[in-house]
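*Asks:* Attaching a single structure in C-alpha cells format; questions to follow.
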C-alpha cells in the first residue's frame, strides 16, 4: 500500500512544512516561479484519505494573514483532480489502491473571504 506522501511525490508534488502554522502540505508548481501553484493538504481519517486541493494564484499579502485567494472550482483544479484519480485508478489495477480523490470544499472562513466584495480606492 503506497503512502499518500509517496503518491503525491510520484505525481510531481513537493512536500512543504509551514513553520508558522505547523501544517504540512504539498505543492506542484505550474511555472518556474513559486506562484501560481497547486496546493494540496492531505487528511487521513477512518481509513479514508482526502486531498484538499486548490490553486494558489499568489502568496498571502499580509503578515499573520492565514486566508488566501485559493481557487477550489477552477477548470485547472478539476483537471488535476482527474489526473490524480486516473493515477489512483491505474494503481488500483495493481491491487495497491489506497483511496479515491474526494473533492474538498473550502473552509467556511476561506469561503467568506472569497465571497467578500473587494473594496478599493481605485475606481476601476
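In this note's numbering, the protein residues as written are -9 to 114. The beta-carbon is built from N, C-alpha and C at its ideal position, and this holds for glycine as well. Remember, predicted model here, so these are calculated numbers, not experimental data.
Quick one: what's got a C-beta closer than 7 Å to residue 7's C-beta in the same chain, skipping five residues either side?
*Replies:* Excluding residues within five positions, the ones whose Cβ falls inside 7 Å are 14.
*Asks:* DSSP on residue 70, reduced to helix/strand/coil?
*Replies:* Helix at residue 70.
*Asks:* Evaluate residue 41 with the Cβ neighbour count: other Cβ atoms within 10 Å of its Cβ, from every protein chain shown; 16 or more gives buried, anything less gives exposed.
*Replies:* So residue 41 ends up on the buried side.
*Asks:* Anyone know if the C-beta pair for residue 31 and residue 47 falls short of 9 Å?
*Replies:* Not closer than 9 Å, so no.
*Asks:* On the three-state DSSP scale, how would you describe residue 4?
*Replies:* The answer is strand: DSSP assigns residue 4 an E or B state.
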